[in-house]
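Take a look at the structure set out below.
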Amino acid sequence: MLDYRLSDELEALRKTVEQFAREVVAPRAAEYDERKEFPYDIVRQMAEMGLFGLPFPEEYGGMGGDYFALCLAIEELARADSSVAITLEAGVSLGAMPVYRFGTEEQRREWLPRLASGEALGAFGLTEPGGGSDAGATATRAVLDGDEWVINGTKSFITNSGTNITRLVTVTAVTGESDGRKEISSIMVPVPTEGFAVAKDYSKVGWHASDTHEITFTDVRVPSANLLGRRGRGYANFLSILDEGRIAIAALATGLAQACVDECVKYAKERHAFGRPIGSNQAIAFKIADMEMKAHMSRLAYYRAAEKMLRGEPFKKEAAIAKLYSSEAAVDNAREATQIHGGYGFMNEFPVARHWRDSKILEIGEGTSEVQRMLIARELGL
Amino acid sequence: MNIVVCVKQVPDTATERKLRPDDKTIDREAAEGVINEICEYAVEEALRLKEAHGGEVTVLTMGPSKATDTIRKALAMGADKAVHLVDDALHGSDGLQTSYALAQVLKKIGFDVVILGSESTDARMGTLAAMLAERLDAPQLSLANKVEIDGSTIRIQRLTDYGFDRVEASLPAVVSVVEKINEPRYPSFKGIMAAKKKPVETLSVADAEIDAAKVGLASAATEVVDFAVAPPRAAGTIVKDEGDGGVKVAEFLASKKFV
Numbered sequence: 001m002l003d004y005r006l007s008d009e010l011e012a013l014r015k016t017v018e019q020f021a022r023e024v025v026a027p028r029a030a031e032y033d034e035r036k037e038f039p040y041d042i043v044r045q046m047a048e049m050g051l052f053g054l055p056f057p058e059e060y061g062g063m064g065g066d067y068f069a070l071c072l073a074i075e076e077l078a079r080a081d082s083s084v085a086i087t088l089e090a091g092v093s094l095g096a097m098p099v100y101r102f103g104t105e106e107q108r109r110e111w112l113p114r115l116a117s118g119e120a121l122g123a124f125g126l127t128e129p130g131g132g133s134d135a136g137a138t139a140t141r142a143v144l145d146g147d148e149w150v151i152n153g154t155k156s157f158i159t160n161s162g163t164n165i166t167r168l169v170t171v172t173a174v175t176g177e178s179d180g181r182k183e184i185s186s187i188m189v190p191v192p193t194e195g196f197a198v199a200k201d202y203s204k205v206g207w208h209a210s211d212t213h214e215i216t217f218t219d220v221r222v223p224s225a226n227l228l229g230r231r232g233r234g235y236a237n238f239l240s241i242l243d244e245g246r247i248a249i250a251a252l253a254t255g256l257a258q259a260c261v262d263e264c265v266k267y268a269k270e271r272h273a274f275g276r277p278i279g280s281n282q283a284i285a286f287k288i289a290d291m292e293m294k295a296h297m298s299r300l301a302y303y304r305a306a307e308k309m310l311r312g313e314p315f316k317k318e319a320a321i322a323k324l325y326s327s328e329a330a331v332d333n334a335r336e337a338t339q340i341h342g343g344y345g346f347m348n349e350f351p352v353a354r355h356w357r358d359s360k361i362l363e364i365g366e367g368t369s370e371v372q373r374m375l376i377a378r379e380l381g382l
Numbered sequence: 001m002n003i004v005v006c007v008k009q010v011p012d013t014a015t016e017r018k019l020r021p022d023d024k025t026i027d028r029e030a031a032e033g034v035i036n037e038i039c040e041y042a043v044e045e046a047l048r049l050k051e052a053h054g055g056e057v058t059v060l061t062m063g064p065s066k067a068t069d070t071i072r073k074a075l076a077m078g079a080d081k082a083v084h085l086v087d088d089a090l091h092g093s094d095g096l097q098t099s100y101a102l103a104q105v106l107k108k109i110g111f112d113v114v115i116l117g118s119e120s121t122d123a124r125m126g127t128l129a130a131m132l133a134e135r136l137d138a139p140q141l142s143l144a145n146k147v148e149i150d151g152s153t154i155r156i157q158r159l160t161d162y163g164f165d166r167v168e169a170s171l172p173a174v175v176s177v178v179e180k181i182n183e184p185r186y187p188s189f190k191g192i193m194a195a196k197k198k199p200v201e202t203l204s205v206a207d208a209e210i211d212a213a214k215v216g217l218a219s220a221a222t223e224v225v226d227f228a229v230a231p232p233r234a235a236g237t238i239v240k241d242e243g244d245g246g247v248k249v250a251e252f253l254a255s256k257k258f259v
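Chains as they are written, first to last, in full-length UniProt numbering: chain A, 1 to 382; chain B, 1 to 259.
Quick look at the structure:
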C-alpha cells in the first residue's frame, strides 16, 4: 500500500527544522555568505537540537531516528541556506556514518557520541587532485610501520575538514597491491595530528559558509587500530556510503529547488510591471508552475530512494535517479528564479542569487551527473 | 516543585485568519493551529525552573481536540505531562469563563507556580493571568522578563516602559512572561519521540467540576457584536524633492503630530 504521508513524529521534526531554518538560519544566511564564514553559532544550535545525531541509535549518543529523518532536516535547512545544509550532510553522512557502518564497537563508542552530539565534526577524504569520480585512482598511501600507519598524500575539496571543531578525518589510502590492483583501505585520522595540514580556503563560486579545504598528510602516524572496516575494503565501503549520501544530496537539492519556488511565488505577487503583478503573466506563472513540478518530483524521488534503502532493498539506481533529477531541478529552478527576479536576481542581497551560485555544485559533488547516468545505465545492464 | 504552564493553540499568524460568520468566534478550522508564540517562552521558563529546582512540568491547555498538536510540541520541548481540557460546552468562552474553567482544573491538579504567556495572538486580551490569580487567590507576578525562586519566595522583574520593577511574592503564585525572558529551545527528535509516550490526561467539563452553565458562548459576559475585514492599507504619500523635500517631510510629520 502506497503511503507518502509522514508519521506524526517525522512531521513534527520537519516542522521544527523548518521553523529553525526560518527563524535562525535564513536571517543570517546572506551575512555568512558575504563574509565566507563558517556559522559556528548556528552549527552549535543545530547540535543542541540533536540534528547531527538524527540517524544514530541512542546508545551512541544519537537521536534514534533514521536516514530519512536526516534527509528531511537537510531539505528544510537547504530551503534557507545550502551551506548550513551541506555542513550537516557531510558531517553526518560522510563524517560519522562510516564509523557507524564499518567501525568496530570500540571505534563507535570512541567517536560516535562526540560526532552525534555535534560537539565534534567529522570529514571524509576521498577525492584527490588527480581523481574525483575515479576513486580507484587514489594516490594517497598508507604503510604499516610496526603498529602504526604512516600516511602520505593530498585530498581535495574536503567538506568540514578545517573548522575548529573538526576532530576526525577518515581518509582512503592505498595500503598495498593484490593481483596487480590497488588495495584501498580507510583510516581514521584524529585532528589535530602531527603532519596533518589544512590548506587555505578555496575561492568557491557558492557554498561560501561551508568549510572546504585541501588537506595534506605528511608522514602522519596513527595507530594501526584506526583502520576503519576491513583492510582492502575502503573503496567498496565508501562507494556504499556515497550511495546513501546521494539521497541526502537529493534532499538538499530538493530544498534549494523548493526555496526558489517559494521566493518566486512571493516576488511574482509583489512585483508589478505594466500595471499588474508579474505573476499574472503566463510567461512567469508557467515558469513557476514548472519549478514547483520539479521540486515536487525531486522530493518524491528522494523519498522513494530513502524508503528502499530503509527497507533494506537495493537502492543504488533510485539514489542515482534522485540525485541526478533533483540536482538538475535545483540548477534549473535557480536559473529561472534568477530570471524571474530580473536585475534583482543578480544581486547578492536577494536569496535567489545565492541559490543560483549554490546550485551548480549539486550537479558535481558526490558523483557528477555523468556518473549518475553511468550508474543508472549500469543498473539497466548497459 | 509542581510547575504548571498554560499554553494555547492559536491560528497561525502567517496565514489568513477569520472569524466564523455564524457565531463570530475564531474559525479554528480555517487556519493551521500552532502554539501561541509567547507560550513557547512560558514553556521554556517552566523547563528552566525545573532544571534549577527539580520537580515536574505539567502542560495545561483548553481547546478543541486538535490542540493536541500544541500539547505535543510543549511535551517535545521537555514538559513531563499534560492536561487537556476539551469539551464542546467550552466553545465561545470569553476570558472570564476561560479563567474560571482553567482555575477549576488548577485547583484539581494543584500547583506551586503557574506560568503563562502574557497574551495570545488571537484574542489579544492579555488578562488571563490576572483573572486566574484572582480566582486561585494567588499572587500575580505579571510581565516577567526574569524569574527567580528561592525556597518559597518567587521574585520577578516586571518589564515596564521605564525599565523594570522588582516584584516578590510567596508561592504558590501565577506568573505571566514576556518574550524578552528567554530564548525557547527547539525540540530535539529524541524529545519529539519521547513526547509520544508522555501522559496526556483529557478532562471534560464534568471531569473538572466546571459548571457547564457558566462557560460557553451562550453565557459569555462579552459579545462580539460585529466585525469587518480590515481595509487594505492605503498607498503611502510620495514626497517629490524639488528643493523643498525636507520642508514637506517636516510638514507631513507635524501634521501627524510626530514632531
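The beta-carbon is built from N, C-alpha and C at its ideal position, and this holds for glycine as well.
Residues bridged to K256(B) (per DSSP): Looking up residue 256(B) in the second sequence gives position 256. Note: K256(B) sits in no beta bridge, so no partner.
Quick one: list the residues of chain B neighbouring M347(A), beta-carbon separation under 8 Å, in chain order. As a working note, residue 347(A) is residue 347 in the first sequence. Going along chain B, no residue has its Cβ under 8 Å from M347(A), so there is no contact; the nearest lies around 24 Å.
Uninterrupted alpha helix (DSSP H) stretches inside the stretch 72 to 121 of chain B (no shorter than 4 residues): 95 to 109
Can you check which of these residues, P172(B), A254(B), L116(B), G92(B), is closest to I26(B) by C-alpha distance? The residue you call residue 26(B) lines up with position 26 of the second sequence. I26(B) has its Cα closest to that of G92(B), out of P172(B), A254(B), L116(B), G92(B).
By DSSP, does M297(A) sit in helix, in strand, or in coil? For the purposes of this step, residue 297(A) is taken as the residue at position 297 of the first sequence. Helix.
Boundaries of the beta strand (DSSP E) in which S170(B) is found, first to last residue: Along the second sequence, one-based indexing puts residue 170(B) at 170. It spans 163 to 170 - the beta strand (DSSP E) in which S170(B) sits, taken as one unbroken run.
List, in order along the chain, the chain D residues whose C-beta lies closer than 8 Å to that of I192(B)? In the structure shown, chain D cannot be found, because the protein chains are A and B.
For N237(A), the three-state DSSP class (helix, strand or coil): As a working mapping, residue 237(A) is identified with position 237 in the first sequence. In the structure shown, N237(A) sits in a helix (DSSP, three-state: H, G or I).
Of all the CB atoms in chain A, is at least one closer than 8 Å to the CB of P184(B)? Taking the first residue of the second sequence as position 1, residue 184(B) is located at position 184. With 8 Å as the cut-off, P184(B) does not count as an interface residue toward chain A.
My assumption, with CB atoms under 8 Å, is that Y325(A) sits in contact with S298(A). Please give the rounded CB distance. Looking up residue 325(A) in the first sequence gives position 325. Looking up residue 298(A) in the first sequence gives position 298. Contact flag correct, Cβ pair sits at about 6 Å.
Would you list, in chain order, the members of the stretch 60 to 83 of chain A that have their beta-carbon closer than 7 Å to a beta-carbon of chain B? M63, G64, G65, A69
Please look up how many angstroms separate the CB atoms of D122(B) and V10(B), rounded, as I've assumed it's under 8 Å. In the second sequence, counting from the first residue as 1, residue 122(B) sits at position 122. In the second sequence, counting from the first residue as 1, residue 10(B) sits at position 10. About 4 Å; that satisfies the 8 Å criterion.
Cutoff 8 Å: R72(B) Cβ touching any chain A Cβ: Taking the second sequence and counting its residues from 1, the one referred to as residue 72(B) is at position 72. Yes, R72(B) counts as interfacial toward chain A.
Report the residue from R233(B), E148(B), V177(B), E201(B) whose alpha carbon sits nearest the alpha carbon of L159(B). Here residue 159(B) refers to the residue found at position 159 when the second sequence is read from its first residue. For L159(B), the nearest C-alpha among the options comes from V177(B).
Which value, in whole angstroms, describes the spacing of the CA atoms of M193(B) and R185(B)? To locate residue 193(B), count along the second sequence from 1; it is residue 193. To locate residue 185(B), count along the second sequence from 1; it is residue 185. Approximately 16 Å between the Cα atoms of the pair.
Note down, in chain order, each residue of its chain lying with its Cβ closer than 6 Å to the Cβ of R304(A), except the 5 sequence neighbours on either side. As a position in the first sequence, residue 304(A) is number 304, starting the count at 1. E318, listed in sequence order.
Using 8 Å as the threshold, is the C-beta distance between E336(A) and E363(A) below it? By one-based count along the first sequence, residue 336(A) stands at place 336. By one-based count along the first sequence, residue 363(A) stands at place 363. No.
Output yes or no for whether 8 Å exceeds the beta carbon distance between P55(A) and V92(A). As a first step, residue 55(A) must be located in the first sequence, where it is residue number 55. As a first step, residue 92(A) must be located in the first sequence, where it is residue number 92. Yes, the pair counts as a contact, with Cβ atoms nearer than the cut-off.
Opposite C6(B) in the DSSP bridges: which residues? Counting from 1 along the second sequence, the entry for residue 6(B) is found at position 6. Beta-bridge pairing links C6(B) to L60(B).
Does the stretch 37 to 45 of chain B come close enough to the stretch 148 to 168 of chain B to have 3 or more Cβ pairs within less than 8 Å? no
Nearest-angstrom Cβ-Cβ length linking L94(A) and I241(A), presumed shorter than 8 Å: To locate residue 94(A), count along the first sequence from 1; it is residue 94. To locate residue 241(A), count along the first sequence from 1; it is residue 241. The Cβ separation is near 7 Å, so the contact holds.
Could you list which residues in chain B have their beta carbon closer than 7 Å to that of G50(A), in chain order? In the first sequence, the residue the question calls residue 50(A) occupies position 50. Ordered by position in chain B, the residues that pass the 7 Å Cβ test against G50(A) are S188, F189, K190.
List the endpoints of the continuous alpha helix (DSSP H) containing N333(A). Working through the first sequence from its first residue, we reach residue 333(A) at position 333. Counting along the chain, the alpha helix (DSSP H) containing N333(A) begins and ends at 316 to 340.
In chain B, what lies closer than 7 Å to residue 383(A) by C-beta? What the structure shows of chain A is the stretch from 1 to 382, and residue 383(A) is not part of that stretch, so it cannot be assessed.
Run through the stretch 123 to 165 of chain B for me and flag every whole alpha helix (DSSP H) of 4 or more residues, listed as ranges in chain order. 128 to 136
Compare the C-beta of K196(B) against all C-beta atoms of chain A and say whether one is closer than 8 Å. Working through the second sequence from its first residue, we reach residue 196(B) at position 196. Chain A, which has a Cβ nearer than 8 Å to the Cβ of K196(B), makes this yes.
Grab me the residues of A250(B)'s own chain with a C-beta within less than 7 Å of its C-beta, minus the 5 sequence neighbours each way, in chain order. Along the second sequence, one-based indexing puts residue 250(B) at 250. Around A250(B): V259.
DSSP bridge partner residues for F196(A) (one or two, in chain order): Here residue 196(A) is taken as the residue at index 196 of the first sequence, counted from 1. DSSP lists F217(A) as partners of F196(A).
C-beta neighbour in chain A for A76(B), strict 8 Å: Against the second sequence, residue 76(B) aligns to sequence position 76. Closer than 8 Å: yes.
Starting from the C-beta of V205(B), find all residues in its chain whose C-beta is less than 7 Å away, skip the five residues before and the five after it, and write them out in chain order. What you label residue 205(B) is simply residue 205 of the second sequence in a count that begins at 1. Correct list, in chain order: D87, A89, L90, A212, V215.
For P98(A), which option in G118(A), T172(A), V150(A) has the closest C-alpha, if you only look at C-alpha atoms? What you label residue 98(A) is simply residue 98 of the first sequence in a count that begins at 1. The option with the nearest alpha carbon to P98(A) is T172(A).
Can you pull the DSSP bridge partners for N152(A)? Within the first sequence, the letter at position 152 stands for residue 152(A). Answer is R141(A).
To the nearest angstrom, report how far apart Y302(A) and F286(A) are at their CA atoms. Counting from 1 along the first sequence, the entry for residue 302(A) is found at position 302. Counting from 1 along the first sequence, the entry for residue 286(A) is found at position 286. Taking the straight line from one Cα to the other gives about 25 Å.
Contact list for the UniProt domain "Acyl-CoA oxidase/dehydrogenase middle" (123 to 220) of chain A against chain B, Cβ threshold 8 Å: none
Please report whether the beta-carbon of F56(A) lies at a distance below 8 Å from any beta-carbon of chain B. Numbered from its first residue, the first sequence carries residue 56(A) at position 56. No, because no Cβ of chain B sits closer than 8 Å to the Cβ of F56(A).
CB contact check: F20(A) to chain B, cutoff 8 Å: Along the first sequence, read from residue 1 onward, the residue named residue 20(A) stands at position 20. Judged by the 8 Å Cβ criterion, F20(A) is in contact with chain B.
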